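Each remark here refers to the structure printed beneath this line.
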Amino acid sequence: MSYNRYFWSLMILCFFSTLIRAQDAHFTQYYQVPGQFNPALTGTFGGLYRVGINYRDQWSSAVNTNFKSFTASGDVKFEIGQGRNGKDIAALGIMFLSDKTDIFDFNTTGIALTGAFHKSLDKNTKQYLGGGVQIGIYQKNVNYEDLTFQDQFNAIDAFEGFTTENLPVNNYGSFDLSLGVQYTISPAKRTNFNIGLSLYHLFPNNESFWAQNEIKTNNLDTDFVQYRRYNAHISYSFPTSETLVINPRLLFMSQGPHNQILLSNLFKIKGLQDDTKQFFIGPAVRTVSDVSGFHIESLILQGGIEYNGLIFGLSYDHNLDDLFSDRKGLGAFELSINILGKYENENTFCPTF
Numbered sequence: 001m002s003y004n005r006y007f008w009s010l011m012i013l014c015f016f017s018t019l020i021r022a023q024d025a026h027f028t029q030y031y032q033v034p035g036q037f038n039p040a041l042t043g044t045f046g047g048l049y050r051v052g053i054n055y056r057d058q059w060s061s062a063v064n065t066n067f068k069s070f071t072a073s074g075d076v077k078f079e080i081g082q083g084r085n086g087k088d089i090a091a092l093g094i095m096f097l098s099d100k101t102d103i104f105d106f107n108t109t110g111i112a113l114t115g116a117f118h119k120s121l122d123k124n125t126k127q128y129l130g131g132g133v134q135i136g137i138y139q140k141n142v143n144y145e146d147l148t149f150q151d152q153f154n155a156i157d158a159f160e161g162f163t164t165e166n167l168p169v170n171n172y173g174s175f176d177l178s179l180g181v182q183y184t185i186s187p188a189k190r191t192n193f194n195i196g197l198s199l200y201h202l203f204p205n206n207e208s209f210w211a212q213n214e215i216k217t218n219n220l221d222t223d224f225v226q227y228r229r230y231n232a233h234i235s236y237s238f239p240t241s242e243t244l245v246i247n248p249r250l251l252f253m254s255q256g257p258h259n260q261i262l263l264s265n266l267f268k269i270k271g272l273q274d275d276t277k278q279f280f281i282g283p284a285v286r287t288v289s290d291v292s293g294f295h296i297e298s299l300i301l302q303g304g305i306e307y308n309g310l311i312f313g314l315s316y317d318h319n320l321d322d323l324f325s326d327r328k329g330l331g332a333f334e335l336s337i338n339i340l341g342k343y344e345n346e347n348t349f350c351p352t353f
């Protein structure tokens with residue numbers, strides 16, 4: 001391998017290694033994707049079952065290499081027994097994930113199965129202590145067709161022909177295990193307090209493409225083990241009048257050198273005559289700690305409507321990073337749609353939006 005070909009291979013390796021070692025896909029409307037931030041929240045909704053989708057499009061109008069994340073999920077819960085403290089709850093869930101970067105079609109796709117159990121501690125205050133476990137299978141792949149190398153240059157004006165580069169396999173699969181716990185209490189109608197912790201990637205995988213290759217090289221570092229991700233969340237919902245509920249929330253995420261805090265507040269407004277129609281709106285701020293230090297990364301506006309078990313949410317992240325002097329188009333648009341089966345508006349022990 002010539003020096004120039006080795007150089008470009010090394011640059012490609014470093015680029016993909018940086019992507020792999022970065023943060024997992026994340027969502028501003030994270031409570032709509034419980035399987036992505038705490039398995040113990042499976043089954044924590046007002047209804048018999050829940051199905052939904054989330055779509056996030058980041059930097060789409062600013063650069064050609066935008067990031068797109070999509071989930072489709074569903075969970076169902078079952079009441080178990082009838083003890084002194086009320087009925088316990090068991091829940092099962094499934095989630096499909098697609099996280100795509102347009103650079104060389106770098107994709108992460110996967111499916112995860114989740115089980116959770118919520119122990120009733122007090123039937124009067126609807127107090128539960130729950131735990132969940134998630135098992136996932138994921139695949140990462142990249143498209144080599146859009147890559148060019150020096151030996152393809154025709155010495156005039158184009159890169160064409162075939163390359164003699166020795167590239168690793170361009171896809172591989174991995175197994176993942178995640179755990180979570182949560183505590184919730186609803187001492188009064190439309191009042192709820194929830195707190196939880198979770199750990200993702202309990203057994204981290206080596207995610208280097210070169211590590212999956214049968215042909216080993218002594219010139220490249222193939223040790224790129226994914227970082228564990230730690231999440232902590234807390235929320236409180238309380239009514240201030242017959243029509244208004246206030247819901248402050250905080251999410252902390254830590255993955256390797258990346259730390260993120262998302263602080264938000266939702267105002268939930270409902271009609272006097274119809275409890276099935278509700279409107280949500282509220283601001284949020286995301287702060288991050290990275291190589292640039294601790295700073296505010298984005299300001300967020302989110303809103304949505306809820307009608308008889310159908311929850312439709314929109315949010316927009318306005319980026320404040322100094323990545324470019326012109327920040328036009330550096331935001332992130334996010335859409336969520338959830339449906340609750342056999343909807344029970346007041347009988348939920350976790351915020352759903």
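Residue numbers (the numbering used here): 1 to 353. Cβ coordinates follow ideal geometry from the N, Cα and C atoms, glycine included. Note that this is a predicted model, so its numbers are computed, not measured.
query, result
"Where glycine 341 sits in the DSSP three-state scheme", "strand"
"Glycine 293, buried or exposed, once every other Cβ within 10 Å from all chains shown has been counted against 16", "exposed"
"Status (buried if at least 16 other CB within 10 Å, exposed otherwise) for leucine 116", "Note that residue 116 is alanine in the sequence shown here, rather than leucine. Under this definition alanine 116 is a buried residue."
"Leucine 41, DSSP secondary structure in three states", "helix"
"Option nearest arginine 228 by Cα separation, candidates Gly331, Pro248, Pro257", "Pro257"
"Own chain, CB closer than 6 angstroms to lysine 190, minus 5 neighbours either side, in chain order", "Per the sequence presented here, residue 190 reads as arginine, with lysine not at that position. Once the five neighbours on either side are set aside, the close Cβ partners of arginine 190 are Pro239, Val245."
"Collapsed DSSP secondary structure at glutamate 334 in the structure displayed", "strand"
"Span separating the alpha-carbon of proline 204 from that of threonine 276", "44 angstroms"
"Extent of the continuous beta strand (DSSP E) to which alanine 25 belongs", "Segment: none, alanine 25 is in no beta strand (DSSP E) and carries neither H nor E."
"Three-way DSSP call (helix, strand, coil) for glycine 35 in this model", "helix"
"Terminal residues of the beta strand (DSSP E) in which glutamate 297 lies", "293-307"
"Proximity below 8 angstroms, CB of aspartate 354 to CB of alanine 25", "Residue 354 falls outside the range modelled here, since the chain spans only 1 to 353, and no answer is possible."
"Any beta strand (DSSP E) of 3 or more consecutive residues that is wholly inside the region 90-165", "106-122, 127-141"
"Which listed residue (Gln255, Ser298, Asn192, Gln134) has its alpha carbon closest to that of tyrosine 230", "Gln255"
"For threonine 191: DSSP bridge partner residues", "Ala188"
"Residues near glutamate 79 by beta carbon distance below 7 angstroms, same chain, minus five either side", "Lys87, Ile89"
"Close Cβ partners of isoleucine 69 (< 6 angstroms) along its chain, the five nearest in sequence each way excluded", "According to the sequence shown, residue 69 is serine rather than isoleucine. Ala25, Arg56, Asp99, listed in sequence order."
"Cβ neighbour criterion (16 or more within 10 Å) applied to arginine 286", "buried"
"Sheet register partners of leucine 266 (DSSP bridge)", "Asn247"
"Extent of the continuous beta strand (DSSP E) to which arginine 50 belongs", "49-58"
"Where arginine 327 sits in the DSSP three-state scheme", "Because the pLDDT at arginine 327 is just 49, under 50, the model does not fix this residue reliably, and the value given afterwards should be weighed accordingly. DSSP places arginine 327 in coil when its eight states are reduced to three."
"Element boundaries [beta strand (DSSP E), containing aspartate 223]", "Segment: none, aspartate 223 is in no beta strand (DSSP E) and carries neither H nor E."
"Counted within 10 angstroms of its Cβ, other Cβ atoms place phenylalanine 175 as buried (16 or more) or exposed", "exposed"
"Sheet register partners of arginine 229 (DSSP bridge)", "Tyr200, Gln255"
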